[in-house]
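**Student:** The sequence shown begins at 4 in our numbering and counts up one residue at a time.
Quick one: structure below, then a few questions.
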Amino acid sequence: MNALNRFADPIFCVARLIIGLMYACHGGQKLLGFPPGGHGIPQDAMGMIGGCVELGGGILIALGLLARIAAFFAAGEMAVAYFTVHAKMGFFPILNHGESAILYCWFFLFVLFYGAGRWSLDALLFGRSSSATATA
Numbered sequence: 004m005n006a007l008n009r010f011a012d013p014i015f016c017v018a019r020l021i022i023g024l025m026y027a028c029h030g031g032q033k034l035l036g037f038p039p040g041g042h043g044i045p046q047d048a049m050g051m052i053g054g055c056v057e058l059g060g061g062i063l064i065a066l067g068l069l070a071r072i073a074a075f076f077a078a079g080e081m082a083v084a085y086f087t088v089h090a091k092m093g094f095f096p097i098l099n100h101g102e103s104a105i106l107y108c109w110f111f112l113f114v115l116f117y118g119a120g121r122w123s124l125d126a127l128l129f130g131r132s133s134s135a136t137a138t139a
């Protein structure tokens, strides 16, 4: 066993917290105008739904509360965002500015399959670690 394995749970918690809050900021810009900047309030239903998924899903993933369900919707939203917006501007993600959508999508897929981890509200409230390694 690797000596660094003892840090896996807290590091995953911090990663989930940071990435979830960064994702929630995208929804906050769309729905609340905070943090300042961004594209403003969406004028279409798809943009509003995306903002709700980003804000609500980001907060749930950050807290580790119902994280698998939130990650399912967040990963789907990022896949749709990539293929409907970014992929039209070219093949390579670095050129079409879709690298953040891809990174979010894959991280959320990881959360979907791995779970919220031991350091989460899911583990605290439901008494299980809610992770794939807990059954091993």
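Backbone N, C-alpha and C define an ideal beta-carbon position, used for all residues, glycine too.
1) The alpha helix (DSSP H) that contains Phe111, what's its start and end?
2) Rank Tyr117, Arg121, Phe113 and Ala82 by C-alpha distance to the C-alpha of Ile105 and give the top, closest one.
3) Give every residue of the same chain whose Cβ lies closer than 8 Å to the Cβ of Gly41, excluding the five residues on either side of it in the sequence, and list them in chain order.
4) In terms of alpha-carbon separation, which member of Cys16, Phe129, Asn5 and Asn8 lies closest to Leu69?
5) Pick helix, strand or coil for Phe95, following the three-state DSSP scheme.
6) Just mark Leu115 as buried or exposed, buried being the case when its beta carbon has 16 or more other beta carbons within 10 Å.
7) Would you report the Cα separation of Gly91 and Ala73, rounded to the nearest angstrom?
8) On the three-pair Cβ rule with 8 Å, is the region 56–71 touching the region 13–23?
9) What is the rounded straight-line gap between the Cα of Phe94 and the Cα of Gly23?
10) Report, in whole angstroms, the separation of the C-beta atoms of Ala27 and Glu57, which I expect to be a contact under 8 Å.
**Tutor:** The relevant details are as follows:
1) Run containing Phe111: Glu102 to Tyr117, per the alpha helix (DSSP H) assignment.
2) The alpha carbon of Ile105 has as its nearest neighbour, out of Tyr117, Arg121, Phe113 and Ala82, the alpha carbon of Ala82.
3) Apart from the 5 residues on each side of it in sequence, Gly41 sits with its Cβ closer than 8 Å to the Cβ of His29, Gln32 and Lys33 in its chain, given in chain order.
4) If we check each option's Cα against that of Leu69, Phe129 comes out closest.
5) Correct three-state label for Phe95: coil.
6) Here Leu115 is buried. Its C-beta has 16 or more other C-beta atoms within 10 Å.
7) Inspection of the sequence shows that residue 91 is occupied by Lys rather than by Gly. Cα-Cα distance, rounded: 27 Å.
8) The region 56–71 vs the region 13–23: in contact.
9) Approximately 27 Å, taken between the alpha carbons.
10) With 8 Å as the limit, Ala27 and Glu57 qualify as a contact, their Cβ atoms being about 6 Å apart.
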